[in-house]
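Participant:
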Amino acid sequence: MLNKVRTIPLLPLRGILVFPYMIIHLDVGREKSISALEEAMVNDRFIMLATQKDAQNDAPTPEEIFTFGTVAEVKQLLKLPGGTIRVLVEGLHRAEVIKYTDSENFYQVEVKEFDEPETRTLEIEALTRTAIAHFEQWVKLSKKIPPETLVSVVVVEEPGRLTDLIASHLSLKIEDKQALLDAVDVKERLEKLCEILGREMEILELEKKISVRVRKQMEKTQKEYYLREQLKAIQKELGEKDDRAAEVEEYRNKLKEQEFPKEVAEKINKEIERLEKMPAMVAESAVIRTYLDCLLALPWTKETEDMLDVNNAEKILNEDHYGLEKVKERILEYLSIRKLTETMKGPILCLVGPPGVGKTSLARSIAKAMDRKFVRVSLGGVRDEAEIRGHRRTYVGALPGRIIQGIRTAGSKNPVFLLDEIDKMSADFRGDPSAALLEVLDPEQNNTFSDHYVEVPYDLSRVLWVVTANVMHTIPRPLLDRIEIINIPGYTEEEKVEISKRYLVPKQVRDHGLTDKQIVFSDTTLQKIIGDYTRESGVRGLERNIATLCRKVARQIVQEKRTNVKVTAQNLHTYLGAPRYRHTQAERQPQVGVSTGLAWTEVGGDVLAIEVSVMKGKGKLLLTGQLGEVMRESAQAGFSYIRTRAQELGIDGNFQEETDIHIHLPEGGIPKDGPSAGISMSTAVVSALTNRAVRSDVAMTGEITLRGRVLPVGGIKEKVLAAHRVGIKTIIMPKENKRDIDEIPANVKRHLEFVLVEHMDEVLKAALVSKSE
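Letter by letter, the sequence shown follows residues 1 to 773 in the UniProt record's numbering.
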């Protein structure tokens, strides 16, 4: 073997390898590579082609380039737009890079060339024939090379050249090609080529087997489809039906059996036809089935007959609930009108009140009284419009909205439909569900309610809607405009005692496995539970305490073998522990600078003791006791009124320059806000400045203006009940709230005197003890 050493430029190749005798076009764009080509063109056109180890590397170092490559001659060079050069090269000899002599502008290397030996042994001849046979078989299996190329390859007689030519036609990894290029010895090169060809043929055989298996499976599927079609034709000739036809026929029978609006019937018939024409394996057929099931299950015309016996309905309402006269009266009015006319649309009632007053159970009683189906949907936390209107059928897993689902569950188009906790809905990027409810609860629109899933209008005008909420201010204004508000303020102590005796005690005694004889409650016991262990407008806390008593008594009866237990006001603490709450008590004697105000809370009314202290200072007004912004403004307004009327009220005109006034509401840890305490704070300030005591049996509520006018406030019933509870005898309230007195129970009203006022002067006249007393 003749080895020759020469110094020539190096061109690093990316993702390609050039063998000797190989002619190929290369696109060159790197600056160093272009410089190497220019150097080669200036000299003898020879250049060293070596492949870099990482094709992604734009600037390979000598260590990142394979040492074995091919010395090639540049045959043609063409400059392309963008600075790229296309070059035609022909591989001449194998070569090994001995050393790098220059690497500034391009790589100049010293290489050792290897000539192919002409010796042919029997072993080389055998390997050559094996390689040719393997290559022929590979060409037949892969079908990537035309037969003409195969002929041009096998006619080559030199074993080394034949090996390189075959390797150049194979789709191999760069590592495998480089291994063949590294093999200078012809025998070693042939052995590696035979090994690579054998591996490639094994892969091709596996590919062929997989292809055959896939083709057979496809043929089997087509055969099954053909046979099924034949079976359908035979069944049709024999008068038999397959499952698909039976399913379509079943849908058509359901369509005939029920009465549907014309538009709905057309829609159902159209969908049945689509299902019939659709191939069984299509995924959309399941969507159509679900849609048809929904449309056919909805009660488009089915209604329950109302029980229009008003007296019987009244009896049922009274049996289930004590009090709540306004709601009962409204339902009985609706039934009376329904008896006179069929065109009356269902009312949309909104029951607003604190938790535990019986809003949800009252809706259930309404359904029972009218003999209608009852559906309840909780809207607490709902923030997606699709919950109300449904999803479009194009979505995966689409369903109707809660309204349509509720109607479907009820099975009639005129149920009593309860929308619970409407004030606790929220909105996010998916839409505002309260806006979607506008169409549901608008009497002028809900006869054509549009659900995204159903796609055809549904008549909701026959539904009797009952909506519940704890507070009104969180209900959106447009929604509030469409509903009829009925306030349920809470129960008096007397009502709670009656509710306990009629409903709560019998229910808990029964649930705990006791009898009326084993546990006895007195009225005073129930009153003490209500007053000392609960602080609420409803009766949930009361029911929990009664349940606690029943549990403890049940344990006593089982452990101590007792026949009965009497729970009294005296031994109540042994079962429920020390009293949890205390109510603010009215002052026993008239006090200077102390007035009694009335406030509304979410758990009912409460009494506020307002204290005022006057001290030497510079006219500051101090407010303490966790007062909210509204209450602070009321105090400021009252103080301004007193300053403008100081002379008429008998107060020193310079008091604001010489005294500081401190207004304090005890129980400072409890936040207090609202417009109800304006006249109460003003009365206490006037009392402190004039040294006239405030009557201890008087409580007051009302807002004050800068001119002394008394403005109306809300929550009168709850406030009056709270005043009655602590022994107040006289209530001072705005004259414009006179209409609210009718809501107060008669047994409370007869113990109270109401003083209706329009101006602060009237308040002071009624609240302050006269100087002669």
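Ideal placement from N, C-alpha and C gives every residue a C-beta, glycine not left out.
1. Do you know how far the Cα of Arg580 is from the Cα of Asn487?
2. Identify the continuous beta strand (DSSP E) that holds Ile145 and give its terminal residues.
3. Would you mind giving the Cβ-Cβ distance between Ala50 and Leu10, rounded to the nearest angstrom? I have them listed as a contact below 8 Å.
4. Taking DSSP as the reference, what is the three-state secondary structure of Pro12?
5. So for Tyr334, helix, strand or coil by DSSP?
6. Spatial neighbours of Ile145 within its chain, please: CB distance less than 8 Å, with the 5 preceding and 5 following residues excluded, ordered by chain position.
7. Please return the same chain residues whose Cβ sits closer than 7 Å to the Cβ of Pro712, not counting the five positions on each side in sequence.
8. Give the straight-line distance between the Cα atoms of Ala398 and Pro506, rounded to the nearest whole angstrom.
9. Below 8 Å on the Cβ atoms is my guess for Gly490 versus Gly538; work out the distance and round it to an integer in Å.
10. With distances taken from CA atoms, which of Asn470, Gly83, Thr61 and Val186 is nearest Glu123?
11. Measure the alpha-carbon distance for Ile85 versus Gln217 and round it to whole angstroms.
12. For Gly669, which residues of its own chain have a beta-carbon under 6 Å away from its beta-carbon, when the five flanking residues on both sides are left out?
13. Going by DSSP, what residues sit across from Glu90 in a beta bridge?
14. Who are the Cβ neighbours of Ile331 in its own chain at under 6 Å, not counting the five residues just before and after it?
15. Give the straight-line distance between the Cα atoms of Asn747 and His321, rounded to the nearest whole angstrom.
16. How big is the Cα-Cα spacing for Arg289 and His391?
17. Smallest Cα separation from Ile268: which of Met278, Lys277, Lys254 and Glu284?
18. Per DSSP, Glu703 forms a beta bridge with which residues?
19. Select from Ala40, Leu572 and Val89 the residue whose C-alpha is nearest the C-alpha of Phe19.
20. Excluding the five sequence neighbours on either side, which residues of its own chain have a C-beta within less than 6 Å of the C-beta of Ala569, listed in chain order?
21. In angstroms, rounded to a whole number, what distance separates the CA positions of Gln559 and Val520?
22. Leaving out the 5 sequence neighbours to the left and right, which residues in its chain are closer than 6 Å to Ile23 when beta-carbon positions are compared?
23. For the candidate residues Pro666, Leu665 and Tyr641, whose alpha-carbon lies nearest to that of Gln656?
24. What distance in whole Å lies between the Cβ atoms of Ser682 and Thr701, which are believed to be in contact at a cut-off of 8 Å?
25. Once you ignore the five residues that flank Val456 on each side, which residues in its own chain have a CB closer than 6 Å to its CB?
26. Would you mind stating whether Gly356 and Glu421 have Cβ atoms separated by less than 8 Å?
27. State the Cα-Cα distance for the pair Leu150 and Phe135, rounded to the nearest angstrom.
28. Using the Cα positions of residue 774 and Leu419, report the straight-line distance between them to the nearest angstrom.
29. So, using beta-carbon positions, are Ile731 and Val720 closer together than 8 Å?
30. Based on Cα-Cα distance, which residue from Arg30, Glu319 and Asp384 lies nearest to Ala369?
31. If you reduce the DSSP assignment to three classes, tell me which class Ala265 lands in.
32. In this structure, how does DSSP classify Arg199 when only helix, strand and coil are distinguished?
33. Out of Glu303, Thr360, Gln178 and Met307, state which residue places its alpha-carbon closest to the alpha-carbon of Val327.
34. Going along the chain, which residues of its own chain have a beta-carbon closer than 7 Å to the beta-carbon of Thr492, five neighbours each way excluded?
Facilitator: Answer, in terms of the structure:
1. The residue you call residue 487 lines up with position 487 of the sequence shown. The residue you call residue 580 lines up with position 580 of the sequence shown. Whole-angstrom Cα-Cα distance: 28 Å.
2. As a first step, residue 145 is located in the sequence shown; it is residue number 145 there, counting from the start. Counting along the chain, Ile145 falls outside any beta strand (DSSP E), and DSSP gives it neither H nor E.
3. As a working note, residue 50 is residue 50 in the sequence shown. As a working note, residue 10 is residue 10 in the sequence shown. Sure, about 6 Å apart at Cβ, within 8 Å.
4. The residue labelled residue 12 in the question sits at position 12 within the sequence shown. Pro12 falls in the strand class under three-state DSSP.
5. Taking the sequence shown and counting its residues from 1, one reaches residue 334 at position 334. Of the three classes helix, strand and coil, the one that applies to Tyr334 here is helix, per DSSP.
6. Counting from 1 along the sequence shown, the entry for residue 145 is found at position 145. Contacts found: Val139 and His169.
7. Numbered from its first residue, the sequence shown carries residue 712 at position 712. Counting only Cβ-Cβ distances below 7 Å, and skipping sequence neighbours, we find Pro734, Glu736 and Asn737.
8. By 1-based counting over the sequence shown, the position of residue 398 is 398. By 1-based counting over the sequence shown, the position of residue 506 is 506. Using only the alpha carbons, I get a separation of about 46 Å.
9. To locate residue 490, count along the sequence shown from 1; it is residue 490. To locate residue 538, count along the sequence shown from 1; it is residue 538. Gly490 to Gly538, Cβ: 7 Å. Contact.
10. Mapped onto the sequence shown, residue 123 falls at position 123. Of the listed residues, the one whose Cα sits closest to Glu123 is Val186.
11. Indexing the sequence shown from 1 puts residue 85 at position 85. Indexing the sequence shown from 1 puts residue 217 at position 217. The straight-line gap from Cα to Cα measures roughly 51 Å.
12. Locating residue 669 in the sequence shown gives position 669, counting from the first residue. Any answer about Gly669 is weak, because its pLDDT of 49 lies below 50 and its placement is not dependable; what the coordinates show is given next. Cβ within range, chain order: n/a, list empty.
13. Residue numbering aside, residue 90 sits at position 90 when the sequence shown is read from its first letter. Ile23 and Glu73.
14. Looking up residue 331 in the sequence shown gives position 331. Cβ within range, chain order: Ile366.
15. The count along the sequence shown starts at 1 and reaches residue 747 at position 747. The count along the sequence shown starts at 1 and reaches residue 321 at position 321. The alpha-carbon atoms of Asn747 and His321 are separated by roughly 19 Å.
16. Taking the first residue of the sequence shown as position 1, residue 289 is located at position 289. Taking the first residue of the sequence shown as position 1, residue 391 is located at position 391. Rounded to the nearest angstrom, the two C-alpha atoms are 16 Å apart.
17. Sequence index remark: in the sequence shown, residue 268 carries index 268 (1-based). With distances taken between Cα atoms, Ile268 lies closest to Lys254.
18. What you label residue 703 is simply residue 703 of the sequence shown in a count that begins at 1. Glu703 is bridged to Leu711.
19. As a first step, residue 19 must be located in the sequence shown, where it is residue number 19. Nearest of Ala40, Leu572 and Val89 to Phe19, Cα basis: Val89.
20. Taking the first residue of the sequence shown as position 1, residue 569 is located at position 569. Counting only Cβ-Cβ distances below 6 Å, and skipping sequence neighbours, we find Thr524, Thr525 and Lys528.
21. For the purposes of this step, residue 559 is taken as the residue at position 559 of the sequence shown. For the purposes of this step, residue 520 is taken as the residue at position 520 of the sequence shown. Near 18 Å, if we compare the C-alpha coordinates of Val520 and Gln559.
22. For the purposes of this step, residue 23 is identified with residue 23 of the sequence shown, where counting begins at 1. Closer than 6 Å at the Cβ level, and outside the excluded window around Ile23, lie Glu90.
23. Sequence index remark: in the sequence shown, residue 656 carries index 656 (1-based). For the residues Pro666, Leu665 and Tyr641, the minimum Cα distance to Gln656 belongs to Tyr641.
24. As a position in the sequence shown, residue 701 is number 701, starting the count at 1. As a position in the sequence shown, residue 682 is number 682, starting the count at 1. That belief does not hold up - the Cβ atoms of Thr701 and Ser682 are roughly 12 Å apart, past 8 Å.
25. Locating residue 456 in the sequence shown gives position 456, counting from the first residue. Only Glu263, Val264 and Lys267 meet the Cβ criterion.
26. Within the sequence shown, residue 356 is the residue found at index 356, counting from 1. Within the sequence shown, residue 421 is the residue found at index 421, counting from 1. Not a contact, by the Cβ cut-off of 8 Å.
27. As a working note, residue 150 is residue 150 in the sequence shown. As a working note, residue 135 is residue 135 in the sequence shown. Each residue's Cα considered, the two are about 8 Å apart.
28. Look at the range of the chain in this structure, 1 to 773, and you will see that residue 774 is not part of it.
29. Translated into the one-based positions of the sequence shown, residue 731 becomes position 731. Translated into the one-based positions of the sequence shown, residue 720 becomes position 720. Yes, the pair counts as a contact, with Cβ atoms nearer than the cut-off.
30. Taking the sequence shown and counting its residues from 1, one reaches residue 369 at position 369. Ranking the options by Cα distance to Ala369, first place goes to Glu319.
31. Residue mapping note: residue 265 aligns to position 265 of the sequence shown, counting from 1. Here Ala265 sits in helix by DSSP.
32. Residue numbering aside, residue 199 sits at position 199 when the sequence shown is read from its first letter. Here Arg199 sits in helix by DSSP.
33. Locating residue 327 in the sequence shown gives position 327, where the first residue counts as 1. The residue with the shortest Cα to Cα distance from Val327 is Thr360.
34. Translated into positions along the sequence shown, residue 492 becomes position 492. Shown here for Thr492: same chain residues with a beta carbon closer than 7 Å to its own, the five before and five after excluded, namely Leu721, Pro745 and Val748 in chain order.
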